[in-house]
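Trainee: In mature numbering (1 follows the signal peptide of the UniProt record, and there is no 0), the protein residues as written are -27 to -1, 1 to 364. Virtual Cβ for every residue (Gly too), placed ideally from N, Cα, C. It should be emphasised that the depicted structure is a prediction, and the values quoted were computed from it without experimental measurement.
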């Protein structure tokens, strides 16, 4: 009797386990699907520290210097940036700006043919040796202005634009004031040292940097300022080969401008620019003691300025995660083709689990029932044998 009760208990346990498995399976199926866990954001590298500022030397090899971000005008380095000096041929950058703006305003054209005057042909200093009554295009004269630093080309352009050197100087000074070059005054169109009774051109590193920043709003000017060498009078059997005085071109990676200047009283000056990883810096040095020293210092300051800009640049934006477009059924919470397919797969899995549990339960139940029946039969047989035998 005790064994029979134990068997019934086992059978009940098996049957209850079977129904528990079925109910659990359906309960899990009815649960709302969990929201997908978004992929972990890509861990960004910490920003590199800003490049250390260039320390001022006890005895600087220049009168003043500045480095700025070409895009924003932010000062990256300055050392006596408001020191007034004689920029010499660096002022030709203002000539380039005015002529460029005149072309864009359609006041003049790059294809205009300009006749050289006697006054222009008599200019000294660096030149392309223009002769009276020669004719050149504005475009060719701009190359002469920037590559050879030709004083005769500067005068020819000024006369073509304004009709007189004095009139063009007035335009230069007006434009300087508009740009906020408050410590700048121009007296010539070329930057040569003043003659008797004349005044020198005066500016500062800060003001020249503002001029350069404005020039970069006209990227076409870089074709002139980045040219290292170019023939002049190309139709001549012996063209004049112009060579750029800016020795950073070709020796400093991605330097593409601007201009150098020199005369004894003003020293060696330079305004230069370069780009690195999309960041552009401008350096201006006035009144350096030597050409090689000026160029070396310009390279150093320009490199440090670019290093600072690149180090402080924001990291590139992460590419947006492209999500698969939802079907109308998905949007409405219905069952689109993909959803139906998924449900079919889930139902098949549940069916297999239930079927397996049923089969297992039936097998166990049969075994238990067979065991009980066998025991009951043996018990009856023993009782019958005892009653039928006579003593």
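Based on Cα-Cα distance, which residue from 34, 36, 44 lies nearest to residue 283?
Mentor: Of the candidates 34, 36, 44, the one whose C-alpha sits nearest the C-alpha of residue 283 is 44.
Trainee: How is residue 204 classed by DSSP in three states: helix, strand or coil?
Mentor: Residue state, collapsed to three classes: strand.
Trainee: Relative to the C-alpha of residue 214, which candidate in 60, 54, 102, 49 has its C-alpha closest?
Mentor: The shortest C-alpha separation from residue 214 is found at 102.
Trainee: For residue 95, does the three-state DSSP call read helix, strand or coil?
Mentor: Residue 95 falls in the coil class under three-state DSSP.
Trainee: Whose C-alpha, out of 192, 218, 190, is nearest the C-alpha of residue 203?
Mentor: Of the listed residues, the one whose Cα sits closest to residue 203 is 218.
Trainee: Tell me where the beta strand (DSSP E) around residue 74 begins and ends.
Mentor: Not the beta strand (DSSP E): residue 74 falls in the alpha helix (DSSP H), residues 65 to 77.
Trainee: Just the Cα atoms here: how many angstroms apart are residue 39 and residue 51?
Mentor: Distance between the alpha carbons of residue 39 and residue 51: 4 Å.
Trainee: The alpha helix (DSSP H) that contains residue 260, what's its start and end?
Mentor: Here residue 260 belongs to no alpha helix (DSSP H); instead the beta strand (DSSP E) covers 252 to 261.
Trainee: With H, G and I counted as helix, E and B as strand and the rest as coil, what does DSSP make of residue 240?
Mentor: Strand, per DSSP.
Trainee: Are there 16 or more other CB atoms within 10 angstroms of the CB of residue 223, so buried, or fewer, so exposed?
Mentor: By the 10 Å Cβ count, residue 223 comes out exposed.
Trainee: Please look up how many angstroms separate the CB atoms of residue 174 and residue 55, rounded, as I've assumed it's under 8 Å.
Mentor: Not really, about 16 Å apart at Cβ, beyond 8 Å.
Trainee: With 16 as the cutoff for other CB atoms within 10 Å, does residue 169 come out buried or exposed?
Mentor: So residue 169 ends up on the exposed side.
Trainee: When you compare only the Cα positions, how much space is there between residue 106 and residue 90?
Mentor: When rounded, the distance between both Cα atoms is 6 Å.
Trainee: Please report the straight-line C-alpha distance between residue 108 and residue 84, rounded to a whole angstrom.
Mentor: Cα-Cα distance, rounded: 11 Å.
Trainee: Based on the DSSP output, what are the partners of residue 232 in its beta bridges?
Mentor: DSSP lists 244 as partners of residue 232.
Trainee: Closest by CA to residue 187, which one among 148, 268, 135, 238?
Mentor: Answer by Cα proximity: 148.
Trainee: Under the three-state reduction of DSSP, which class applies to residue 221: helix, strand or coil?
Mentor: If DSSP states are grouped into helix, strand and coil, residue 221 belongs with coil.
Trainee: Counting along the chain, where does the alpha helix (DSSP H) carrying residue 144 start and finish?
Mentor: Start and end: 138 to 151.
Trainee: Would you mind working out which of 270, 278, 256 sits nearest residue 262, comparing C-alpha positions?
Mentor: Checking every option, the nearest Cα to that of residue 262 belongs to 270.
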